[in-house]
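Everything on this sheet refers to the single structure shown next.
Number of protein chains: 2
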Amino acid sequence: MKSRNAATQAKTIRPAQCLKRVPILDAAAEVFCREGFSGASIDEIAEEACVSRQTIYNHYREKETLFVAVVADVTARANTALFAALAAFPDKPENLREDLIAFAVDLNRNCLYNQDGKFLRKLLQSEGPRYPHLFEAWREHGPCKIGTALGAILARLHHQGLLDIPDCDLAARQFTALINADLQMTTLFGETPTEAQIRGSAEQAVDMFLRGYGVRAEPVL
Amino acid sequence: MKSRNAATQAKTIRPAQCLKRVPILDAAAEVFCREGFSGASIDEIAEEACVSRQTIYNHYREKETLFVAVVADVTARANTALFAALAAFPDKPENLREDLIAFAVDLNRNCLYNQDGKFLRKLLQSEGPRYPHLFEAWREHGPCKIGTALGAILARLHHQGLLDIPDCDLAARQFTALINADLQMTTLFGETPTEAQIRGSAEQAVDMFLRGYGVRAEPVL
DNA sequence: GACGGTTTGGACAATAGTGTCTATTTTTAC
DNA sequence: GTAAAAATAGACACTATTGTCCAAACCGTC
Numbered sequence: 725m726k727s728r729n730a731a732t733q734a735k736t737i738r739p740a741q742c743l744k745r746v747p748i749l750d751a752a753a754e755v756f757c758r759e760g761f762s763g764a765s766i767d768e769i770a771e772e773a774c775v776s777r778q779t780i781y782n783h784y785r786e787k788e789t790l791f792v793a794v795v796a797d798v799t800a801r802a803n804t805a806l807f808a809a810l811a812a813f814p815d816k817p818e819n820l821r822e823d824l825i826a827f828a829v830d831l832n833r834n835c836l837y838n839q840d841g842k843f844l845r846k847l848l849q850s851e852g853p854r855y856p857h858l859f860e861a862w863r864e865h866g867p868c869k870i871g872t873a874l875g876a877i878l879a880r881l882h883h884q885g886l887l888d889i890p891d892c893d894l895a896a897r898q899f900t901a902l903i904n905a906d907l908q909m910t911t912l913f914g915e916t917p918t919e920a921q922i923r924g925s926a927e928q929a930v931d932m933f934l935r936g937y938g939v940r941a942e943p944v945l
Numbered sequence: 725m726k727s728r729n730a731a732t733q734a735k736t737i738r739p740a741q742c743l744k745r746v747p748i749l750d751a752a753a754e755v756f757c758r759e760g761f762s763g764a765s766i767d768e769i770a771e772e773a774c775v776s777r778q779t780i781y782n783h784y785r786e787k788e789t790l791f792v793a794v795v796a797d798v799t800a801r802a803n804t805a806l807f808a809a810l811a812a813f814p815d816k817p818e819n820l821r822e823d824l825i826a827f828a829v830d831l832n833r834n835c836l837y838n839q840d841g842k843f844l845r846k847l848l849q850s851e852g853p854r855y856p857h858l859f860e861a862w863r864e865h866g867p868c869k870i871g872t873a874l875g876a877i878l879a880r881l882h883h884q885g886l887l888d889i890p891d892c893d894l895a896a897r898q899f900t901a902l903i904n905a906d907l908q909m910t911t912l913f914g915e916t917p918t919e920a921q922i923r924g925s926a927e928q929a930v931d932m933f934l935r936g937y938g939v940r941a942e943p944v945l
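Heads up: the protein sequence lines correspond to chains A and B, in order. The first sequence maps to residues 725 to 945 in my numbering. The second sequence maps to residues 725 to 945 in my numbering.
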C-alpha cells in the first residue's frame, strides 16, 4: 500500500541460513492460532519468539506476508504427516481390525489433533473466506487426497475380499467421520484429546465400520 | 476499565421496547461471524445495522457486552431449534429409515448448517478459550443434550425391537458424526451445503447406520 | 403541544498497532 | 582480522478503533 521506493528497504532477507526464521514461524503459528489474524500483534509474536520486532519486518515485509508463510509452513508439515500415515497402512493386512485401529490412531494423533491440526482447524475457519487461495494447496493435497487415497486403500481391501463396500469414496468419508465421533465434544472445549481417548475412539469407530462393511460371514477377529 | 462516574453515562437502555435492539444483534452476529471479535469494529456493525454508533453504546456499554449479548441470543435460538428437532421424532415410527432421514435433515438444516450454526462453529472455536463461561450454557443445553436425548430416542427404538444397539450414547455420537460425513468437505470452503447435499448426506448416513445397528433379520425397507 | 425516552451526528482524547527509518551491535563467512 | 550479513533498539508518522461527551433531533403517549 506504500510507495515502496526500490532503493531503501525494498527487499527482505532470503539467504535461508538465518537463525531466526524457525522461531519466528513457530511463535507466529502459536499466536495466530490463539488470537486470530487481526487479534495477533507483531509485538506479541516478536516477544514470544525472543526476537526483535524489526527482525520480523526484515524477513517478512508485512503481517500478511508472515501469515502466508506460516500457513505454508504448517500445511507442508501437515501434508507430509498425512502421507506418512497413509503409506504406513500395510499392503497385506494380517489383522484387519488392529491395522485399521492403528491407522485411525496414527491419523488422529499425528494429523488432526496435534498442534498443526489445531492451527489449521481454527485458522481455516476464521480466515479461510478472506484468503480463498491460501489454503487451497492444503485442501488439494490434504483433505482431498485423504479421501481418494483412503478410498483406494478401501477399494483394495474390498478387492482382497476383506471388506464389502459398495461405494469406497463414501466409505472413506464415513471412516474419517467415525474416528472423530467421540472427539468432537472434546474439541468443543478447545482441549486436545488424550491418548486414551484417541485409542478408544478409534476402536469404537472401527468396530462400527466393520459392522457396516465387514464381510458378513463373520467379522474378522 | 474506566472510572465510570455514576452520574453521567453509567446505565444502558433497558426498557425492552426499543426498535433497534434486534437489528443491532443481527448485524453484530453477522459481522462478528465474518471478522471475528477483534476484527469486527463497532462502526462496521453500526453501518450494517443502519444505526448510529452511539446507539450501540447506549444499549451495550462496550464491545464485549455486545458480544456476550449476541452469543446469548444466538445460543437461545439454536437451543430451541434443537429441541424442536428432537421433539419432532415420532414416538412410534412407521417407516424407520424415512423417519431417521427426516430427523437428520431437520437437524442439519435447522441447527447445524444455518446461520446460527455457522456463527457458533466459528466463534466458539476462535473465542471460546478466551470466554470459558460464555458458551457453557449452550454446550450444556445444546450439544450435551443432543447426546443424551438422541441416546434416549435410540434406546427406545432398541427397546421397541426396531434397532439393535449395544451402547446407545455411543450410537448417538456416531449418528451425528455420520450425518456430517459428506458435508465437512463443503464447510471447509466456508460454504453452506445445499438442500440436495443435506438430503443425500442424510440418506447415506442412515443407510450406514442401519447397516450397523439395524435388526439383522432384514433391513427395514 | 409538552414531555420523557430514544436516536443521531459530530467532535474528542486515549490507546494500540502497523510499518518505516536510522544507527548500532552482534554474528557469520572468508 | 576483516568485511558482509543479520539482528537489535529506539524513535517516528500514520492509521484505526474504542469509548466518552454533548447538543440537537426524533419519536411515542398523555
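Just so it is clear, CB atoms sit at the ideal spot from N, CA and C, and this is done for glycine as well.
| Check | Outcome |
| --- | --- |
| Min CB distance K726(A) to chain B below 9 Å | In this predicted model, K726(A) has a pLDDT of only 36, less than 50, meaning its place in the structure is not dependable enough to derive any value. |
| 9 Å Cβ cutoff met for Q946(A) and M932(B) | Chain A is shown only over 725 to 945; residue 946(A) falls outside these bounds and no answer can be derived. |
| Secondary structure of L886(B), DSSP reduced to three states | coil |
| Beta-bridge partners of G938(A), as assigned by DSSP | L887(A) |
| Minimum Cβ-Cβ distance from D830(B) to chain A less than 9 Å | no |
| Residue environment, E788(B), which counts as buried when at least 16 other CB atoms sit within 10 Å | exposed |
| CA-to-CA distance, A876(B) to A888(A), given in whole angstroms | The question names Ala, but residue 888(A) in the sequence shown is Asp. Rounded to whole angstroms, D888(A) to A876(B) spans 31 Å at the Cα level. |
| As assigned by DSSP and simplified to three states, the class of T916(B) | coil |
| Cβ neighbour criterion (16 or more within 10 Å) applied to L874(A) | buried |
| Top-ranked residue by Cα proximity to S925(B), from R863(B), L806(B) and N904(B) | N904(B) |
| At least three beta-carbon pairs within less than 8 Å, the region 903 to 920 of chain B to the region 856 to 866 of chain B | no |
| DSSP-derived helix/strand/coil call for P943(B) | Caution applies to P943(B), whose pLDDT of 46 falls short of 50 and renders its modelled position unreliable; the value that the coordinates give is listed next. Of the three classes helix, strand and coil, the one that applies to P943(B) here is coil, per DSSP. |
| 9 Å Cβ cutoff, G871(A) in contact with chain B | yes |
| Partner residues on chain B for D906(A), Cβ-Cβ distance less than 9 Å | L894, R897, Q898 and A901 |
| Reduced DSSP secondary structure (H/G/I, E/B, other) of V930(A) | helix |
| Secondary structure of I877(A), DSSP reduced to three states | helix |
| 8 Å contact criterion, which A752(B) and I769(B) should meet: CB distance rounded | 5 Å |
| Length of the line joining the Cα atoms of Q928(A) and V794(B) | 37 Å |
| CB of G763(A) within 9 Å of CB of S762(B), strictly | yes |
| Three-way DSSP call (helix, strand, coil) for P867(A) in this model | helix |
| Where the region 838 to 849 of chain B meets chain A: residues whose CB sits under 8 Å from a CB there | R845, K846, L848 and Q849 |
| CA-to-CA distance, A805(A) to A920(A), given in whole angstroms | 21 Å |
| Nearest-angstrom Cα separation, counted from C742(A) out to T916(B) | 43 Å |
| Whether D830(A) touches A812(A) by CB criterion (9 Å) | yes |
| CB contact flag (C757(B), L847(B), <9 Å) | yes |
| Nonlocal neighbours in the same chain, by C-beta distance under 6 Å from N729(B), ignoring five residues either side | Interpretation of N729(B) is limited by its pLDDT of 39, a score under 50 that renders its predicted location unreliable; the figure taken from the coordinates is listed afterwards. Excluding positions up to five away in sequence, the list is empty. |
| Contact check, I825(A) vs Y784(A), beta carbons under 9 Å | no |
| Coarse secondary structure for P817(A), derived from DSSP in three states | coil |
| Rounded straight-line distance, which links the Cα of C835(A) to that of A800(A) | 12 Å |
| Any C-beta of chain B under 9 Å from that of Q921(A) | no |
| Residue-chain proximity (A926(B), chain A), Cβ-Cβ < 9 Å | no |
| Within 9 Å, strictly: CB atoms of G946(A) and Q849(B) | A query on residue 946(A) cannot be resolved here, the shown segment of chain A reaching from 725 to 945 and no further. |
| Burial state of G885(A) (16 or more Cβ within 10 Å) | exposed |
| Cut-off 6 Å between Cβ atoms - residues of its own chain near A879(B), not counting five sequence neighbours on either side | C892 |
| Buried/exposed call for A808(A), threshold 16 Cβ in 10 Å | exposed |
| Beta-carbon neighbours of L881(A), restricted to chain B and to distances below 8 Å | In chain order: nothing, as chain B lies at least about 17 Å away. |
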